[in-house]
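Visitor: Read top to bottom, the protein sequences are chains G and Z.
Quick note, the first sequence lines up with residues 45 to 363 if you use the working numbering.
Quick note, the second sequence lines up with residues 229 to 497 if you use the working numbering.
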Amino acid sequence: MTTTAFEVLGVSRCYRRRTDEVWANRDIDLDVPAGDVFGILGPNGAGKSTLIRQLVGLLQPDHGVIRLFGEPVRSGPRGVGTRLAYLAQDEPALAEMPMATAVSTTARLRGRSRRDARAATVAILDELALADLAHRPLVTLSGGQRRLGCIAVALAGDLPVLVLDEPTTGLDPVARRAVWEAVSARRRQHGTTVVLVTHNVLEAEAVLDRVAILDGGRVIACDTPGRLKASVSDEVRLDVVWRSDPPLDDSAVAMLAARASRNGPRWSARMNELEARAALDGLLSGPALRCLDDFTLATPTLEDVYLALGGRNDDLERS
Amino acid sequence: MTGRTQVHERTSTAPPAVAAPSFAAAVAGVYAGQLARARAARGPLLFVAVLQSLGIEILLRGVVRHDQPATSSAIVAGSTILVSAFVGLNLLAQRFGALRANGALDYYGALPITGAAVVVGTAASYATFTIPGALITATVGTALFGLPFTYLWLAVPACVVAGLALSAVGAAIGLGLPRPELATTVGQLAMTAVLFLSVIPPAHFPAGLRGVRDALPSTYPVDALAAALRGHPSASGQLWRLAVAMGYALLALALAGRVFRRSVDRARG
Chain G
45 MTTTAFEVLG VSRCYRRRTD EVWANRDIDL DVPAGDVFGI LGPNGAGKST LIRQLVGLLQ
105 PDHGVIRLFG EPVRSGPRGV GTRLAYLAQD EPALAEMPMA TAVSTTARLR GRSRRDARAA
165 TVAILDELAL ADLAHRPLVT LSGGQRRLGC IAVALAGDLP VLVLDEPTTG LDPVARRAVW
225 EAVSARRRQH GTTVVLVTHN VLEAEAVLDR VAILDGGRVI ACDTPGRLKA SVSDEVRLDV
285 VWRSDPPLDD SAVAMLAARA SRNGPRWSAR MNELEARAAL DGLLSGPALR CLDDFTLATP
345 TLEDVYLALG GRNDDLERS
Chain Z
229 MTGRTQVHER TSTAPPAVAA PSFAAAVAGV YAGQLARARA ARGPLLFVAV LQSLGIEILL
289 RGVVRHDQPA TSSAIVAGST ILVSAFVGLN LLAQRFGALR ANGALDYYGA LPITGAAVVV
349 GTAASYATFT IPGALITATV GTALFGLPFT YLWLAVPACV VAGLALSAVG AAIGLGLPRP
409 ELATTVGQLA MTAVLFLSVI PPAHFPAGLR GVRDALPSTY PVDALAAALR GHPSASGQLW
469 RLAVAMGYAL LALALAGRVF RRSVDRARG
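#1: Got a sec? Which residues, its chain only, sit under 7 Å from L327/Z by beta carbon, not counting five neighbours each side?
#2: Kindly examine the ligand MN and report whether one of its heavy atoms sits closer than 8 Å to the Cβ of S395/Z.
#3: Considering only C-alpha positions, which residue in the set A90/G, L246/G, A265/G is nearest to V255/G?
#4: Please classify H243/G as buried or exposed, where buried requires at least 16 neighbouring CB atoms within 10 angstroms.
#5: So with Cβ pairs under 9 Å, would you call R306/G a contact of chain Z?
#6: Please identify, using Cβ separations under 7 Å, the residues of the region 130 to 144 of chain G that lie next to chain Z, in order along the chain.
#7: T299/Z: which of H432/Z, L405/Z, M474/Z sits nearest, CA to CA?
#8: Between which residues of its own chain and A242/Z is the CB-CB distance below 7 Å, once the five residues before and five after are set aside?
#9: For P290/G, which option in L300/G, R281/G, R314/G has the closest C-alpha, if you only look at C-alpha atoms?
#10: Need the endpoints of the beta strand (DSSP E) that G331/Z sits in, please.
#11: Select from the region 317 to 332 of chain Z all residues with a C-beta closer than 9 Å to any C-beta belonging to chain G, and list them in chain order.
#12: Please say whether A473/Z and I461/Z have beta carbons closer to each other than 9 Å?
#13: Could you give the first and the last residue of the continuous alpha helix (DSSP H) run that contains I84/G?
#14: Where does F50/G fall in DSSP's three states?
#15: How about the region 279 to 288 of chain Z and the region 310 to 319 of chain Z: do they share at least three Cβ pairs that are nearer than 8 Å?
#16: Suppose the cutoff is 7 Å on Cβ atoms and the five residues either side in sequence are ignored; what does the same chain contact list for L481/Z look like?
#17: Within the same chain, show all residues whose beta-carbon is closer than 6 Å to that of A139/G, passing over the 5 residues directly before and after it, in chain order.
#18: Helix, strand or coil for F324/Z? Go by DSSP, reduced to three states.
#19: When burial is assigned at 16 or more other CB atoms within 10 Å of the CB, is V55/G buried or exposed?
#20: Give the C-beta separation of D337/G and R303/G to the nearest angstrom, bearing in mind that I take them to be a contact with Cβ-Cβ under 8 Å.
#21: Hey, G402/Z and G325/Z are a contact pair by Cβ (cut 8 Å); roughly how many whole angstroms apart?
#22: Of all Cβ atoms in chain Z, is any one closer than 9 Å to the Cβ of S119/G?
#23: In chain G, which residues lie less than 7 Å from G439/Z when you measure between Cβ atoms?
#24: In whole angstroms, what separates the C-alpha of A411/Z from that of A421/Z?
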């Protein structure tokens, strides 16, 4: 039997600005199995950070309930902070602290003894290759180093649940790998549950066991990445880049123009395989070929799932 | 759309929770972290605070005669406590206002500690931070005005209590007001009130302003230090004044601790 880490039941939160009501999220239902790496994916403004802040007890829902291992989520000394570590998008509270102090202070505030906190700090900074920066205030470091330092802070205290809001934003590939290795090691050794927010599609596909896709404050899909992609498997994505204006009277270009989302010379369209083959034939054999700079034909990604389910924005990251 | 799955057992193998730190350990943790931050961030500001108070002492030395110990002691005591007001009221109100505005309270809010521990630890670190500057101001002022050094040691408890009380008020201002600019403005106005109502000897005030002066938490450590610098402090009087300032500190800390959680919930609203 799988144990549930988070249970989210009918959660909504509304902000009232003068006479307007803005729903940050609405009727969210989720289960996060213990030991999973669970992702929350969506474009900017989808309500990801609101949901994360509700999961860690920082923001109370107006309606609904959230439980962690069966207990209602709340903050304070007897709250979820005894089981989960939270990494926000930024940690301005720690900015002027030396990195080692930030990690050891956090470990102490998560209930570790002074000696344990010191030992854990050395181990974590070594693990993330940050030992040389241990005594530098976070604010003096580059964006990537600072982010990695904040991840070290999240790992302090070895808590069984990690809630990470866009953990790898701004990190180079080597640092990203170090972060995922550190997370995987904790999952392997301690069964750590990880909930992470991302708007990076490739990262989501690579590391997540399950993913909830949010749009407009609602969950529009929730499953494994593989099953979600299979739900739109009859479609492919054709991306083309033009080096000059294409002939719009060409039938293949006209068909593409009608269906593609356009970003300057970059066009991207989803269609079934037969349509894609016909479009490519037309582009490669007709007058449009002279204007064509590059093209790619790709199988569905989580972004395609998002768009197929009616997602309104297309600003998910693919890098 | 629902993200719920059907086959889960709820609580049987939940991982154990860690023991949250005690209130004292949480305060000590916040205090240690803030003190480390202070070394990196607050040195230049403390320099400004001390320079301001020394400047006031030097300026007023030119208009006060040697045979006016009541006036001299009030000036030195007021200038000394002004260092605490600059750091506690002004800087801490700014700091908490900024923490609230940029979502930095989330860091503390997600830890298994109370808001009161955050406020007490931070206020204590700011109070500690004021002590060296306040003692320099007290020593230089005592020498400058030719006052007795005998009871100057009383500047230590006076500065500690004043620092805690004013830092607590600064924290309450920073956490309680809805916008950081407002917190900064109110903190600076409060510091200005301390400047005028503490440095100027009370005998020179009209009766109405004396009531306002008596309502300020800084008044009691100022009066305690002034009595010490005149060379004849009474033990009971000193204890009473410091106890009143401590009462202010506890009230303001309790208030700031209460608004902390509300501030976290509203910080991103």
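Heads up, the beta-carbon is just placed ideally off N, CA and C, and yes, glycines get one too.
The model shown is predicted, which means the values in this text are computed figures rather than measured ones.
Guide: Taking the structure as given:
#1: Indexing the second sequence from 1 puts residue 327/Z at position 99. The residues are L333.
#2: The model depicted lacks the ligand MN and carries no ligand whatsoever.
#3: Here the question's residue 255/G lines up with position 211 in the first sequence. It is A265/G whose Cα lies nearest to the Cα of V255/G.
#4: Position 199 of the first sequence, counted from the start, is the residue given in the question as residue 243/G. The residue is buried, with at least 16 neighbouring Cβ atoms inside 10 Å.
#5: Indexing the first sequence from 1 puts residue 306/G at position 262. No, R306/G does not count as interfacial toward chain Z.
#6: Listed in sequence order: Y130, A132, E135, P136, A137, L138, E140, M141, P142.
#7: Residue numbering aside, residue 299/Z sits at position 71 when the second sequence is read from its first letter. Residue nearest to T299/Z within the set H432/Z, L405/Z, M474/Z is H432/Z (criterion: CA-CA distance).
#8: Locating residue 242/Z in the second sequence gives position 14, where the first residue counts as 1. Cβ within range, chain order: n/a, list empty.
#9: As a first step, residue 290/G is located in the first sequence; it is residue number 246 there, counting from the start. The residue with the shortest Cα to Cα distance from P290/G is L300/G.
#10: In the second sequence, residue 331/Z corresponds to position 103, counting from 1. Element bounds for G331/Z: n/a, residue is neither H nor E.
#11: A326, L327, N330, G331, A332
#12: On the second sequence, residue 461/Z is found 233 positions in, with the first residue counted as 1. On the second sequence, residue 473/Z is found 245 positions in, with the first residue counted as 1. Per the sequence shown, residue 461/Z should be read as Pro rather than Ile. Their beta carbons are not under 9 Å apart, which means P461/Z does not touch A473/Z by this criterion.
#13: Numbered from its first residue, the first sequence carries residue 84/G at position 40. Not the alpha helix (DSSP H): I84/G falls in the beta strand (DSSP E), residues 81 to 85.
#14: As a first step, residue 50/G must be located in the first sequence, where it is residue number 6. Here F50/G sits in strand by DSSP.
#15: Per the Cβ contact rule, the region 279 to 288 of chain Z is in contact with the region 310 to 319 of chain Z (3 or more Cβ pairs under 8 Å).
#16: One-based indexing of the second sequence puts residue 481/Z at position 253. Within the same chain, L481/Z has close Cβ partners A344, V347, V348, A351, A396.
#17: Here residue 139/G is taken as the residue at index 95 of the first sequence, counted from 1. Excluding positions up to five away in sequence, the list reads L182, V183.
#18: As a first step, residue 324/Z must be located in the second sequence, where it is residue number 96. F324/Z falls in the helix class under three-state DSSP.
#19: Numbered from its first residue, the first sequence carries residue 55/G at position 11. Buried is the call here.
#20: Counting from one through the first sequence, the residue named residue 337/G turns up at place 293. Counting from one through the first sequence, the residue named residue 303/G turns up at place 259. 19 Å between Cβ atoms; not a contact.
#21: Along the second sequence, one-based indexing puts residue 402/Z at 174. Along the second sequence, one-based indexing puts residue 325/Z at 97. So it is a contact: roughly 4 Å between Cβ atoms.
#22: Position 75 of the first sequence, counted from the first residue, corresponds to residue 119/G. For S119/G, the answer is yes, since a Cβ of chain Z falls inside 9 Å of its Cβ.
#23: Taking the first residue of the second sequence as 1, we reach residue 439/Z at position 211. Simply none; closest approach about 39 Å.
#24: As a working mapping, residue 411/Z is identified with position 183 in the second sequence. As a working mapping, residue 421/Z is identified with position 193 in the second sequence. Whole-angstrom Cα-Cα distance: 15 Å.
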